[in-house]
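The sequence shown begins at 41 in my numbering and counts up one residue at a time.
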Amino acid sequence: MCVTQRDFGWYRIFLHWVALLSNRFEFWSGAVALLNLKLQFIPESSNHLHTETIHNTTTLTLMVLRSTSRSQQPNPTKKSVQWIKLGSSLASKPFHLSASADEVPAIINSDLPITNLSKRPVLQPKETAPPQFLRTLMDPQGKVCVQASLGVEYVVRENKKNYYFNMNPSSTRATGFCGNQKAILSLDFDGGQLEFTFIKEGDLSYVSTIKGLLRPAPPCTNCRNKTYVGVIHHDKLFKAKNGLSFQCKSQMTLILASYFRVKLVPLQIQAFDLANGAFGKEVECWEDYNKRMIPIILGAVAAAVCLIAILTCVLVRERRGQGYEQL
Numbered sequence: 041m042c043v044t045q046r047d048f049g050w051y052r053i054f055l056h057w058v059a060l061l062s063n064r065f066e067f068w069s070g071a072v073a074l075l076n077l078k079l080q081f082i083p084e085s086s087n088h089l090h091t092e093t094i095h096n097t098t099t100l101t102l103m104v105l106r107s108t109s110r111s112q113q114p115n116p117t118k119k120s121v122q123w124i125k126l127g128s129s130l131a132s133k134p135f136h137l138s139a140s141a142d143e144v145p146a147i148i149n150s151d152l153p154i155t156n157l158s159k160r161p162v163l164q165p166k167e168t169a170p171p172q173f174l175r176t177l178m179d180p181q182g183k184v185c186v187q188a189s190l191g192v193e194y195v196v197r198e199n200k201k202n203y204y205f206n207m208n209p210s211s212t213r214a215t216g217f218c219g220n221q222k223a224i225l226s227l228d229f230d231g232g233q234l235e236f237t238f239i240k241e242g243d244l245s246y247v248s249t250i251k252g253l254l255r256p257a258p259p260c261t262n263c264r265n266k267t268y269v270g271v272i273h274h275d276k277l278f279k280a281k282n283g284l285s286f287q288c289k290s291q292m293t294l295i296l297a298s299y300f301r302v303k304l305v306p307l308q309i310q311a312f313d314l315a316n317g318a319f320g321k322e323v324e325c326w327e328d329y330n331k332r333m334i335p336i337i338l339g340a341v342a343a344a345v346c347l348i349a350i351l352t353c354v355l356v357r358e359r360r361g362q363g364y365e366q367l
């Protein structure tokens, strides 16, 4: 179907008259004209206006004629015309994460019907320690290719306040796939997920991408649903040599977005080369290393200070004794 500039002129005249009639009879909300047009622009000659080709899979929905009462608008001839282009979004597909390295994910407001409300995550105002659990992922040959032992806590910021949700081991499923150079482990539950992408480069393996999603139950019946999404792209996290596992007993905080964080405590994770389905030798994280080394360093410094103080006292006494003998 070819739509020319002349056809759009007739549509504008038609919409204008309907808007005037709506305001004439003082409707609280005007008629909504839904024109689902699959547009295909075919230039017939060089004199035609150049337009943008819209894919056949995209539907342009025009929502027009949204008028208000005269009490709200001093001039009744004013109209509110909104042009809204509806496409695929995370609100319609809440479990599909699509965020690039240069994008900052946003909070998605959705009025979609809520199913399994009793199983949806419930945000808590106070923080508690998350339970630890173990999840494994098998390759087609039945061998363990990814294994993770961890506790997961979601932290979302809403109205300048932090709210918390701990991942429940009993309702968390492990999905993904295993490859020779790449593996994905996704921890899924009703209302959220946490996904790790593992990369193998030479004798080193690491996590390159972490995606998080949380769609908690609304706090009240009439409240809108909110989907919190975040992602860390193009990074080398949890690095370990092949056959070794990354371990961190300290709390690790992953900042997926300014309003969305994930805490892992404790964590032991490994992909590729798991002998007999068991973790390899542990590679210590910097947080644990610092916790272990700082007391040693402080103790050594304190011992050095004490030794210096003792030597100083001995030298002072010797000098004083020599002075008395000369007198």
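Note that CB positions come from ideal geometry on N, CA and C, so glycine has one too.
CA nearest to the CA of residue i, picked from the options
| i | options | result |
| --- | --- | --- |
| K159 | Y204, K331, G232 | G232 |
| K279 | Q164, P335, E241, F217 | E241 |
| L284 | I250, M292, D275, E324 | E324 |
| D275 | S290, P258, F205, S245 | S245 |
| G270 | A349, A297, F217 | A297 |
| L277 | T267, I295, I337, N265 | I295 |
| K183 | N220, M292, E198 | N220 |
| T293 | K166, C185, Q181, V192 | V192 |
| D313 | A343, P170, N330, V186 | V186 |
| N179 | I224, L351, N208 | Asn is not the amino acid found at residue 179; the sequence shown has Asp there. That would be I224, whose Cα lies nearest to the Cα of D179. |
| S248 | T237, A318, P258, E167 | T237 |
| M207 | G216, K200, E167 | E167 |
| R197 | Q308, K266, I239 | K266 |
| D328 | A342, L307, L351 | L307 |
| D243 | K281, P209, G216 | K281 |
| L234 | K222, P258, P209 | P209 |
Helix, strand or coil at residue i [DSSP, three-state]
| i | result |
| --- | --- |
| R255 | coil |
| R197 | strand |
| E358 | helix |
| V162 | coil |
| C346 | helix |
| Y299 | coil |
| P335 | helix |
| L351 | helix |
| P170 | coil |
| G182 | coil |
| G191 | strand |
| N330 | helix |
| G270 | strand |
| Q291 | coil |
| A318 | coil |
Opening and closing residue of the beta strand (DSSP E) in which residue i lies
| i | result |
| --- | --- |
| C218 | 213 to 218 |
| F229 | 222 to 229 |
| G232 | 232 to 241 |
| A280 | 277 to 281 |
| S210 | No beta strand (DSSP E) holds S210; DSSP gives it neither H nor E. |
Nearest-angstrom beta carbon gap, residue j and residue i [assumed within contact, 8 Å]
| i | j | result |
| --- | --- | --- |
| V302 | Y203 | At roughly 13 Å, the Cβ-Cβ gap does not stay under 8 Å, so V302 and Y203 are not in contact. |
| L177 | A214 | 6 Å |
| G252 | F173 | In fact, because the Cβ distance is near 17 Å, the residues do not count as touching under 8 Å. |
| L304 | L227 | L304 to L227, Cβ: 11 Å. No contact. |
Burial state of residue i (16 or more Cβ within 10 Å)
| i | result |
| --- | --- |
| A315 | exposed |
| I250 | buried |
| M333 | exposed |
| P161 | buried |
| C218 | buried |
| Q164 | exposed |
| C288 | buried |
| I272 | buried |
| P256 | buried |
| S211 | exposed |
| I348 | exposed |
| V345 | exposed |
| C268 | Correcting the residue type first, residue 268 is Tyr in the shown sequence and not Cys. Answer is buried; the Cβ neighbour count reaches 16. |
| E358 | exposed |
| P170 | buried |
| L338 | exposed |
| R175 | buried |
| Q310 | buried |
| G216 | buried |
| A318 | exposed |
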